[in-house]
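Below: the structure, in structure tokens.
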Amino acid sequence: MSAAAEFRSGFVAVVGRPNVGKSTLVNALVGEKVAIVSRVPQTTRHRIAGVVNGPGFQAVLLDLPGFQKPRDLLTERMQTAVNTTLREVDAILLVLNADEGLGAGDRFVAEAAFATGTPVIIALNKTDLTGPEGVLPLIGQASELGAYEEIFPISALKGWSLDELKSAIVAGLPEGPQYFPEDTVSDQPERVIAGELIREQALRLTREEVPHAIAVDVIDMQQREDRNIVDLEAVIIVERESQKGILIGKRGKMIREIGTRSRGEIEALLGSKVFMDLTVRVRKKWRQDQRILGDLGL
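Residue 116 in the working numbering sits at position 112 of the sequence shown, and the numbers go up by one each step.
Set out below in structure tokens:
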């Protein structure tokens, strides 16, 4: 058998209700930050591919928005992306929050995952927040969700049992081609990732005040000629003037802090010094506007 025929590859949907730690898990398995993380539900809006490369394999982890009941055009499109992806992948990684226990939301997601007939691996995440006495009952409950392949109690944050989980994912992949170059860790353009890193800091700093109303559009990102400097122009979009005031802050303190915190991560991403022009604009009901959503790639 040729080396090419022995290569395992495939696409794995990472699903779960909002805020179970899907993006943290994808980042940990990839070994680099490819998806933003916050405690705010529905942080993930795009279908983000995190590429895990290793000897003889390539697993493409698709970090999906959390399952939700669509309440506007944005969340409708997000849920459509989830439903479409589940029908196209080689395996499904169902992530549950061990710290909160199983609820109706988990069972709803599990039902959708098992209904596809695609092999399902279950990851009980956040076991660092609960003891063994709390995990064991959850393993029993999770085992009743459907005909799973394996169950792994893990901690994406601490890295617990991730090697075992990765091995199980790879073992279930079919023989196939290398979909991305070996040094690729994500399918997202740098411009999109930069915008997401800005949104991540805006979410963290404003917490529950304006989270779902925030979007970031990177208007321009250009490398200066003969200099290792990138000029980046981005706009934070909100729906109301009051939200704009929160993001700008008193004497511009908040917007400067968002820029400072995100700049470091963007510089690490690009390997260049970054000069950022960051502004805030109001776009009423942007989550219902097809044109704006299209411009944002949503």
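For each residue, glycine too, the CB sits at the ideal point set by N, CA and C. On a predicted model such as this, the values are computed, not experimentally measured, just so you know.
Sequence-distant residues of the same chain with beta carbon closer than 7 Å to residue i, five excluded per side
| i | result |
| --- | --- |
| D110 | R21 and L100 |
| I252 | M258, I259 and V284 |
| V278 | V234, L236, R267, I270 and E271 |
| V139 | A102, L128, T131 and P157 |
| R265 | Q205 |
Residue i to residue j span [Cα, whole Å]
| i | j | result |
| --- | --- | --- |
| Q294 | G144 | 44 Å |
| R12 | R75 | 39 Å |
| L297 | S190 | 22 Å |
| I125 | D235 | 43 Å |
| V113 | N23 | 13 Å |
| L65 | V214 | 29 Å |
| T122 | E104 | 26 Å |
| T283 | R260 | 10 Å |
| E115 | L149 | 7 Å |
| S246 | A53 | 35 Å |
| R291 | E200 | 17 Å |
| G14 | R255 | 50 Å |
| D299 | M82 | 15 Å |
Own chain residues within Cβ distance below 8 Å of residue i, not counting five before or after
| i | result |
| --- | --- |
| R285 | V239, I240, I241, V242 and K248 |
| R287 | I241, V242, E243, D293 and I296 |
| E10 | G60 and E179 |
C-beta contact flag for residue i and residue j at 8 Å
| i | j | result |
| --- | --- | --- |
| I158 | Q205 | no |
| D132 | W164 | yes |
| A95 | I218 | no |
| A108 | L128 | no |
| K162 | L33 | no |
| R203 | V220 | yes |
Own chain, CB closer than 6 Å to residue i, minus 5 neighbours either side, in chain order
| i | result |
| --- | --- |
| G176 | A95 and P123 |
| A85 | R51 |
| T120 | L90 |
Chain C contact for residue i (CB, 8 Å cutoff)
| i | result |
| --- | --- |
| G105 | Looking for chain C here will not work: only one protein chain is present. |
* Asked: Does the pairing of the segment 89-102 with the segment 218-228 give three or more beta-carbon distances under 8 Å?
  -> no
* **the segment 95-109 contacting the segment 18-38, beta-carbon criterion three pairs below 8 Å** => yes
* Length-filtered (3 minimum) beta strand (DSSP E) runs lying within the segment 140-167 -> 155-157
* Cβ contact (3+ pairs, closer than 8 Å) linking the segment 152-159 and the segment 179-194 -> no
* If you scan the segment 186-255 from start to end, which runs of the alpha helix (DSSP H) of 4 or more residues do you find wholly inside it? -> 194-210 and 245-252
* Taking the runs of the alpha helix (DSSP H) that are 4 residues or longer, which of them lie wholly in the segment 73-99? -> 77-90
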